[in-house]
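So the sequence shown is numbered by my numbering: it starts at 143 and just counts up by one.
Glycine included, C-beta positions come from ideal geometry on N, C-alpha and C.
This one's a predicted model, so the numbers in the text were calculated from it and none came from an experiment.
Notes follow the structure.
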Amino acid sequence: MKYTVQTLDGRYSHNKYFKYCIEFGHRMNFNQGPEHFTNAQHWFFKTYGWSAEVRQWNEILRYYHLNANIPVWKHGLGAGVPNLPESVNFTWSWQTGDGNYTKSRIYVRGDPELAFFQLAHTND
C-alpha cells in the first residue's frame, strides 16, 4: 500500500480533532491511490467502526453543539454534548479527493491509531 502521513498543525482545518492525516494518490495509473484509500477506509471501519466523511462529521458535531447551547470552540472532543450520533467517531474520519488533484485522506486521532494502521499496512 502506498501512502504518506502528514502531521496536522495550524495549517490544517481538522487539526483540533485529529493529529494525523494519511494521504493517498488521486489516480490509479501511478500508484493505485483510490484502491489503497478504499482498502484503508474499509480497515478503519472494521477496526474502529463507521465514521462520517470529515466535512459532514464537522457539520453534525457543530449542529449538536449549537442545539446543546455549547459554544463550538469548546469542542472538548464531544464532551458534554448530549445524543451525539455514532457517525461522529473521534478516532477517525475520511475525505475523498476530487479525482484530479486532491488526494483522498484518512484522518486519525493520534499515535496509537496511526501505529496500528502502519503495522497492518506497510508503506510501499
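Put simply, of Asn265, Gln260, Phe179 the residue whose alpha carbon is nearest the alpha carbon of threonine 238 is Phe179. Contact between tyrosine 206 and threonine 233 does not hold, since their C-beta atoms are separated by about 18 Å, which reaches or exceeds 8 Å. The residue from Leu261, Gln183, Asp266, Tyr249 with its alpha-carbon nearest to that of arginine 197 is Tyr249. When only Cα atoms are considered, alanine 257 and proline 176 end up about 22 Å apart.
DSSP assignment within the segment 154-238 yields the following whole beta strand (DSSP E) runs of 3 residues or more, N-terminal first: 162-166, 234-237.
Taking tryptophan 185 as the centre and dropping the five residues before and after it, the same chain places the C-beta of Phe259, Ala262, His263 closer than 8 Å to its C-beta, in chain order.
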